[in-house]
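I have placed the structure first, in the form of structure tokens, so that the comments after it can refer back to it.
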Amino acid sequence: MGCMRILGIESSCDETGVAVVEAEKTGVPRLLGASLHSQIAMHQAYGGVVPELASRDHIRRVLPLTDAALAEAGCTLESIDLVAFTRGPGLAGALLVGAGVAVSMAAGLGKSAMGVHHLEGHLLSPFLSADPPEFPFVALLVSGGHTQLMAVTGVGDYALLGETIDDAAGEAFDKSAKVLGLGYPGGPALAALATQGDANAFKLPRPLLHSGDLDFSFAGLKTAVMVQFNKLGDAPTPQQRADLAASTQAAIVEVLVKKSLAAVKAVGANRLVVAGGVGANRSLRQTLNAACATRGVRVHYPELDLCTDNGAMIAMAAALRWQAGLFDLTQPPAYGFEVRPRWPLDAIDD
Ligand code: KG4
Ligand code: ZN
């Protein structure tokens, strides 16, 4: 097949995303159209994602979003050659919606369906940017549920270098934001408040900074933020809250940057790819860019709007897997499926 079109569906958590990507056998695949619905407003009242509400909302949104993505791409459902969906990790019920719809769609079309690893989607999302990376590279995956450093030698070739032993970086942002009285999701809110604050105002721990390995730990930081916040009494001033937000962000960013540089050095790489929701953080980007520039390391990010969950990264990962020969489109399609709520990226082939 010379040129093929992939429809990608993401539904692992609180975003429904659908996109169309077109790929030739070689060259970087192109995004033709995309649509997204975030459930943030719906979950806000509960302070976090309610899985059952998430599943029901995915059901409501996925078909209209598919129509919208196809319309933007200027193509029909019948012109799709492969339907890709997020197979895991994520919320079981939410994953089942995307998987069920994608596989039924593929069966209706008589085309193939492909289950994609959500973190592989994040990791390969910089290929959708104007400045796509080249292999090999070190990837810093920083999302709401994961904080990992991976050595990436090619599509599907991921070796774990280090990861968090407790909370993820996104979780550290979210939980600290909650302490500060900010809404869900806390990361962007804490980052916004931090721009008004002094990052040196509060002394906060840099967990595992000098541990000599590439692991992370963020659970203690959240506790330290809580202790500092409680010390401020019943009515902290806006400046004190902004200072604590800035100090929290600085602690998270410093650890992420130092460990990423150590990982790049450890494997002798000269490229770093940052992906996942926390990759949208401006302070992380600025600090990493400055640190990498002095060391001759190139850093690649997804476009800002593709850092958090979306369908484009799922379609892109499917396209790159097909190009790499990891998915055989000449085989007759199979329509059995399962989802994998827990699924480590370095066990992608298990
Ligand atoms: O990758 P993602 O959309 O979902 C998961 O797969 O987990 O990441 C969501 C996480 C949340 O913890 C959110 O607070 C964080 O990414 N996040 C940010 C920013 N934007 C999103 N954290 C810090 N600064 C941001 N600008
Ligand atoms: Zn994600």
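Residues in the sequence shown are numbered from 56 upward in steps of one, following the working numbering.
All C-beta atoms in this analysis are idealised placements derived from N, C-alpha and C, irrespective of residue type, glycine included.
Tell me whether valine 329 counts as near the ligand KG4, meaning its Cβ is closer than 7 Å to at least one heavy atom of that ligand.
Outside the cutoff, so no.
Run the Cβ filter for me: residues under 5 Å from any heavy atom of the ligand KG4, listed in the order they occur in the chain.
Listed along the chain, these residues meet the criterion: Ser198, Gly199, Gly200, Gly225, Phe228, Asp229, Pro240, Gly242, Pro243, Ala246, Gly331, Gly332, Val333, Ala335, Asn336, Thr363, Asp364.
Please determine, among Ala162, Leu339, Arg337, Ser231, the residue with the shortest C-alpha to C-alpha distance to leucine 299.
The candidate whose alpha carbon is nearest that of leucine 299 is Ser231.
Taking aspartate 229 as part of the alpha helix (DSSP H), name the residues at either end of that continuous run.
224-234 is the extent of the alpha helix (DSSP H) around aspartate 229.
My assumption, with CB atoms under 8 Å, is that alanine 141 sits in contact with serine 66. Please give the rounded CB distance.
Per the sequence presented here, residue 141 reads as threonine, with alanine not at that position. Confirmed, about 6 Å.
Give me the Cα-Cα distance between aspartate 136 and glycine 351, rounded to the nearest whole angstrom.
Computed Cα separation, rounded: 41 Å.
Under the criterion of a Cβ to heavy atom distance below 7 Å, does histidine 173 qualify as lining the ligand ZN?
Because some heavy atom of the ligand ZN lies under 7 Å away, the Cβ of histidine 173 counts as near it: yes.
Please classify asparagine 285 as buried or exposed, where buried requires at least 16 other C-beta atoms within 10 Å of its C-beta.
Exposed, by the Cβ-count rule.
Assuming tyrosine 390 and alanine 162 are in contact, meaning their beta carbons sit under 8 Å apart, how far apart are those beta carbons, in whole angstroms?
Sure, about 5 Å apart at Cβ, within 8 Å.
At the level of alpha carbons, what is the spacing between histidine 98 and histidine 113?
So the two alpha carbons sit approximately 13 Å from each other.
When you compare only the Cα positions, how much space is there between glycine 211 and serine 159?
Going by the C-alpha atoms only, they are around 26 Å apart.
If alanine 357 and lysine 166 are in contact, beta carbons under 8 Å, what's the gap, nearest whole angstrom?
Looking at the sequence shown, residue 357 is not alanine but proline. No, proline 357 and lysine 166 are not in contact; Cβ-Cβ is about 27 Å, not under 8 Å.
Can you find a heavy atom of the ligand ZN that lies under 7 Å from the Cβ of histidine 113?
No - the ligand ZN has no heavy atom lying nearer than 7 Å to the Cβ of histidine 113.
Hey, glycine 332 and cysteine 362 are a contact pair by Cβ (cut 8 Å); roughly how many whole angstroms apart?
Right, their Cβ atoms sit about 6 Å apart.
Rounded C-beta distance between phenylalanine 192 and arginine 326? I'm assuming under 8 Å.
Phenylalanine 192 to arginine 326, Cβ: 4 Å. Contact.
Quick test of your reading: proline 144 and arginine 397, contact by CB under 8 Å. State the CB separation rounded to the nearest angstrom.
Contact flag correct, Cβ pair sits at about 6 Å.
Please report how far the alpha carbon of glycine 209 lies from the alpha carbon of proline 188, in whole angstroms.
So the two alpha carbons sit approximately 11 Å from each other.
Of the residues Leu120, Ala244, Glu127, which one's Cα is nearest the Cα of leucine 86?
The shortest C-alpha separation from leucine 86 is found at Glu127.
One question on the structure: do alanine 348 and alanine 297 come within less than 8 Å of each other, judged by their Cβ atoms?
No; because the gap between Cβ atoms is not below 8 Å, this pair is not in contact.
Could you tell me whether any non-hydrogen atom of the ligand ZN is closer than 7 Å to the CB of histidine 92?
Checking the Cβ of histidine 92 against the ligand ZN gives no.
Is it right to say phenylalanine 257 is buried, meaning 16 or more other beta carbons lie within 10 angstroms of its own, or is it exposed?
Phenylalanine 257 is buried by the Cβ-count criterion.
State the beta-bridge partners of arginine 408 as determined by DSSP.
Shown here, the chain extends from 56 to 405; a query on residue 408 therefore has no answer.
Judging by CA-CA distance, which residue of Asn344, Gln295, Gly275, Ala206 is the nearest neighbour of leucine 235?
It is Gln295 whose Cα lies nearest to the Cα of leucine 235.
Once DSSP output is grouped into helix, strand and coil, what is the label at alanine 324?
Here alanine 324 sits in coil by DSSP.
For the ligand ZN, is there any heavy atom lying closer than 7 Å to the beta carbon of histidine 98?
Because no heavy atom of the ligand ZN lies under 7 Å away, the Cβ of histidine 98 does not count as near it: no.
For serine 134 versus arginine 60, is the C-beta distance shorter than 8 Å?
Result yes, Cβ atoms of serine 134 and arginine 60 sit closer than 8 Å.
Taking the alpha-carbon of proline 243 as reference, which of Leu196, Arg337, Tyr101 has the nearest alpha-carbon?
Residue Arg337 is the option with its Cα nearest to proline 243.
Is there at least one non-hydrogen atom of the ligand ZN closer than 7 Å to the beta-carbon of histidine 355?
Result no, Cβ not under 7 Å from the ligand ZN.
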